[in-house]
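There are 2 protein chains.
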Amino acid sequence: MQELIKVAVDAMGGDHAPMEIVKGAVEAAGSCEELKVFLVGKEKEVNAELKKYPYDPSRIEVVAASEVIEMAEPPVQAIRSKKDSSIVVAMKMVKNGEADAFVGAGSTGAVLVGGQLIVGRIKGVERPPLAPLIPTEKGASLLIDCGANVDARPSHLVQFAKMGSIYMEHVMGVKKPRVAIVNIGAEEEKGNALVKETFPLLKECKDIHFIGSIEARDIPSGYADVIVCEAFAGNIILKLYEGVGATLISMVKKGMMTSLSSKLGALLVKPALKKTLKRFDTSQYGGAPLLGLKGLVVKTHGSSKSTEVCNSILQCVTFTKQHINEKISAGIGAK
Amino acid sequence: MQELIKVAVDAMGGDHAPMEIVKGAVEAAGSCEELKVFLVGKEKEVNAELKKYPYDPSRIEVVAASEVIEMAEPPVQAIRSKKDSSIVVAMKMVKNGEADAFVGAGSTGAVLVGGQLIVGRIKGVERPPLAPLIPTEKGASLLIDCGANVDARPSHLVQFAKMGSIYMEHVMGVKKPRVAIVNIGAEEEKGNALVKETFPLLKECKDIHFIGSIEARDIPSGYADVIVCEAFAGNIILKLYEGVGATLISMVKKGMMTSLSSKLGALLVKPALKKTLKRFDTSQYGGAPLLGLKGLVVKTHGSSKSTEVCNSILQCVTFTKQHINEKISAGIGAK
Numbered sequence: 001m002q003e004l005i006k007v008a009v010d011a012m013g014g015d016h017a018p019m020e021i022v023k024g025a026v027e028a029a030g031s032c033e034e035l036k037v038f039l040v041g042k043e044k045e046v047n048a049e050l051k052k053y054p055y056d057p058s059r060i061e062v063v064a065a066s067e068v069i070e071m072a073e074p075p076v077q078a079i080r081s082k083k084d085s086s087i088v089v090a091m092k093m094v095k096n097g098e099a100d101a102f103v104g105a106g107s108t109g110a111v112l113v114g115g116q117l118i119v120g121r122i123k124g125v126e127r128p129p130l131a132p133l134i135p136t137e138k139g140a141s142l143l144i145d146c147g148a149n150v151d152a153r154p155s156h157l158v159q160f161a162k163m164g165s166i167y168m169e170h171v172m173g174v175k176k177p178r179v180a181i182v183n184i185g186a187e188e189e190k191g192n193a194l195v196k197e198t199f200p201l202l203k204e205c206k207d208i209h210f211i212g213s214i215e216a217r218d219i220p221s222g223y224a225d226v227i228v229c230e231a232f233a234g235n236i237i238l239k240l241y242e243g244v245g246a247t248l249i250s251m252v253k254k255g256m257m258t259s260l261s262s263k264l265g266a267l268l269v270k271p272a273l274k275k276t277l278k279r280f281d282t283s284q285y286g287g288a289p290l291l292g293l294k295g296l297v298v299k300t301h302g303s304s305k306s307t308e309v310c311n312s313i314l315q316c317v318t319f320t321k322q323h324i325n326e327k328i329s330a331g332i333g334a335k
Numbered sequence: 001m002q003e004l005i006k007v008a009v010d011a012m013g014g015d016h017a018p019m020e021i022v023k024g025a026v027e028a029a030g031s032c033e034e035l036k037v038f039l040v041g042k043e044k045e046v047n048a049e050l051k052k053y054p055y056d057p058s059r060i061e062v063v064a065a066s067e068v069i070e071m072a073e074p075p076v077q078a079i080r081s082k083k084d085s086s087i088v089v090a091m092k093m094v095k096n097g098e099a100d101a102f103v104g105a106g107s108t109g110a111v112l113v114g115g116q117l118i119v120g121r122i123k124g125v126e127r128p129p130l131a132p133l134i135p136t137e138k139g140a141s142l143l144i145d146c147g148a149n150v151d152a153r154p155s156h157l158v159q160f161a162k163m164g165s166i167y168m169e170h171v172m173g174v175k176k177p178r179v180a181i182v183n184i185g186a187e188e189e190k191g192n193a194l195v196k197e198t199f200p201l202l203k204e205c206k207d208i209h210f211i212g213s214i215e216a217r218d219i220p221s222g223y224a225d226v227i228v229c230e231a232f233a234g235n236i237i238l239k240l241y242e243g244v245g246a247t248l249i250s251m252v253k254k255g256m257m258t259s260l261s262s263k264l265g266a267l268l269v270k271p272a273l274k275k276t277l278k279r280f281d282t283s284q285y286g287g288a289p290l291l292g293l294k295g296l297v298v299k300t301h302g303s304s305k306s307t308e309v310c311n312s313i314l315q316c317v318t319f320t321k322q323h324i325n326e327k328i329s330a331g332i333g334a335k
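Taken in order, these protein sequences are the chains called A and B.
As numbered in my numbering, the first sequence has no gaps in its residue numbers, which increase by one up to the final residue, 335.
As numbered in my numbering, the second sequence has no gaps in its residue numbers, which increase by one up to the final residue, 335.
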């Protein structure tokens, strides 16, 4: 029998924990036979949820952790002081090789800090970027970095480009992924100091397929597969994506309710529209990997329901089977 | 008779010049009696367009300029060498007091450089920001700076906040405009170096109503009236706004064409939907003012049609009548 891929899940993190987390874990284990899930958290609460479902006890295991890191806690202090918190216990399993990956929906800050302090960086990786998939007209693009390293330097961005390429090629199956840097104009001389310094470095980089600058306007159309940016810009892109989408959809819905004929029309377009808009829903891709760590750390939305949790756990299987970290380790060393 | 408000328009700038520019100027002059428009450009071409319409010759005048600055030209060099270009000639009219305002749809770079080099900054203004209105669920917010000053310093952002407040209060009629700084979290300790330095300065600033950080997600809902950011971030926000909007609308349209019943429904919802989406169209607000100059400089979209040109020209009337520049001059000096 081949060895199972082991994922340690923070059962206490997120707005709907432990209920939706446990449900998502059961769904994931049920849909992939190569998977073993550890649900880390307050035993009583987790077991109370778990017993609602039929599951294979050889594939889902509860691991006790008595503390929970709250959203508002300063991350560094929380990771250091709450040794028996679900995040710390689950991440230690990754560090010790008892698990291949960590999935959590709790405090982003705590997941980022824990990833660096507990799991640790791959040798040569300067800064681990948070890299969610964002929906586009053509499918999905990887936004790297979307919030882990504000005020990053050019050398960091070059590593982001390499790691993002490896991810898109081997996890998402995109051949020769197109890499672009977020800029305020298409010309090479445009940009702020960081972009102007990074652009020639990306151009010289032989192991990526660099296609130049990308203006924010062209991101939703799917013009590039790997979208490289500093975390402050990346966070704006990710959140505005959600914000404009939500506002427009709410306005469309309200707009369709303004007259009798539009209300009738709304009933008729609803199924088709729902399908279309689902394609533009960020939650379908599961969580965002924090790349460049010795083990996989995946951060899912705080508001994650079971589907997103399940997708985040399943993502770890491809990542681990494709030996992404070995590829990153080799790629970061290359020119 | 009261004195007319004089607007010098670059008749040669933009994708649809001179046709749509001339048409927009005729519309503006026709809808506002206090206005005099100078159409600056190649006399023959401009007159050929102008004679298509009935207009009051005391209120529209053609001013000759033999050269045109092209989109691809390096801005500083173009402004310096093409002395008889439509942008330079029109801006000189503002500098010399022959016009109160400039409106142009041509090269953004040339308009920004010309504004600073020819029209000149108001004493005390460190950097003039480009500040478009962006649509929100509640109306519109001012995005300041959206592209004029990359790598700005904290003191610049504080001035942007002051100028933006004055604009929203006196041009848009918003009482006590809410000012927020774009950030990657709501807490005061979040952000990059620039935001962390600027935040306390905005908090101390007595002549604005500062409400703290705004995450990009909350911009479309209309959470703040004045959205302060560095130009690189602002440009991303502006362009992603357009990009996500365009992609979603195109997907909604396509989605509605997928089945017979949805096609029928589409016919019924179309009028209501059109009205809703028009509210989210950036062009309805005319161009973006470049604030802090001795005279008003307005940059409109390169793709502007007559309506946007007309709105941009009309915007100059309120700006001038409300003595915005005198208020900026007084405000920048204040603590």
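Cβ coordinates follow ideal geometry from the N, Cα and C atoms, glycine included.
Here the structure is a predicted model, which is why all the values come from computation and not from measurement.
Check, Outcome
"Close Cβ partners of L112 of chain B (< 6 Å) along its chain, the five nearest in sequence each way excluded", "A148"
"Minimum length 3: unbroken beta strand (DSSP E) runs contained in the region 255 to 317 of chain B", "288 to 290 and 296 to 299"
"Sequence-distant residues of the same chain with beta carbon closer than 6 Å to G24 of chain A, five excluded per side", "S306, V309 and C310"
"Euclidean distance between Cα positions of F38 of chain A and T108 of chain B", "56 Å"
"Sequence-distant residues of the same chain with beta carbon closer than 8 Å to V174 of chain B, five excluded per side", "M168 and D225"
"C-beta neighbour in chain B for V113 of chain A, strict 9 Å", "no"
"Extent of the continuous alpha helix (DSSP H) run through A28 of chain B", "M19 to S31"
"Limits of the unbroken beta strand (DSSP E) element including E215 of chain A", "H209 to E215"
"Which of helix, strand or coil DSSP assigns to Y241 of chain A", "helix"
"Extent of the continuous beta strand (DSSP E) to which G41 of chain A belongs", "L35 to G41"
"Length at least 4, wholly inside the region 114 to 189 of chain A: the alpha helix (DSSP H) runs in chain order", "154 to 170"
"Integer-rounded CB distance, given that Q116 of chain B should sit under 8 Å from I332 of chain B", "16 Å between Cβ atoms; not a contact."
"Within chain A, the residues that N192 of chain B reaches when beta carbons sit closer than 9 Å", "V150, D151, E230, A231 and F232"
"Bounding residues of the alpha helix (DSSP H) (the contiguous stretch that carries V76 of chain A)", "P75 to S81"
"The region 10 to 25 of chain A / the region 36 to 55 of chain A touching (three or more Cβ pairs under 8 Å)", "yes"
"Beta-carbon proximity list for A180 of chain A, same chain, < 8 Å, skipping 5 on both sides", "F210, I211, G212, S213, I214, Y223, A224, V226, I227 and V228"
"C-alpha gap between I87 of chain A and Q315 of chain A, whole angstroms", "19 Å"
"Closer than 8 Å at the beta carbon, the chain B residues around E242 of chain A", "R217"
"Contacts around K304 of chain A, its chain only, beta-carbon distance under 6 Å, and the 5 residues preceding and following it disregarded", "It should be noted that the sequence gives Ser, not Lys, for residue 304 of chain A. Only G14 and A105 meet the Cβ criterion."
"Beta-carbon proximity list for A78 of chain A, same chain, < 6 Å, skipping 5 on both sides", "I69 and A110"
"Where K6 of chain A falls, given that 16 or more other Cβ within 10 Å makes a residue buried", "buried"
"Min CB distance P271 of chain A to chain B below 9 Å", "yes"
"Segment contact, 8 Å Cβ cut-off, at least three pairs: the region 91 to 103 of chain B with the region 268 to 276 of chain B", "no"
"For A193 of chain B, the first and last residue of its enclosing alpha helix (DSSP H)", "A193 to E204"
"Distance, P289 of chain A Cα to P271 of chain A Cα", "32 Å"
"Proximity of L268 of chain A and A266 of chain B at Cβ, strictly below 9 Å", "yes"
"Residues of the region 255 to 266 of chain A whose Cβ lies closer than 7 Å to any Cβ of chain B, in chain order", "G255, M256, T258, S259, S261, S262, L264, G265 and A266"
"D281 of chain B burial status per 10 Å Cβ neighbour count (16 or more: buried)", "exposed"
"Rounded distance between the beta-carbons of P129 of chain B and T198 of chain B, thought under 8 Å", "Contact doesn't hold; Cβ gap of about 14 Å is too wide."
"Minimum Cβ-Cβ distance from K96 of chain B to chain A less than 9 Å", "Checking the sequence shown, residue 96 of chain B turns out to be Asn, not Lys. Taking Cβ atoms only, chain A never reaches closer than 9 Å to N96 of chain B, which makes this a no."
"Burial state of P18 of chain B (16 or more Cβ within 10 Å)", "buried"
"Straight-line Cα distance separating G243 of chain A from I219 of chain B", "7 Å"
"Short-range partners of chain A found in the region 168 to 189 of chain B, where Cβ spacing is below 7 Å", "V182 and I184"
"Pairwise C-alpha distance: L157 of chain B and G124 of chain B", "14 Å"
"Under 8 Å from the C-beta of G245 of chain B: neighbouring residues of chain E", "Included in the structure are the protein chains A and B, with no chain E among them."
"Sub-9 Å separation of L50 of chain B and L4 of chain B beta-carbons", "no"
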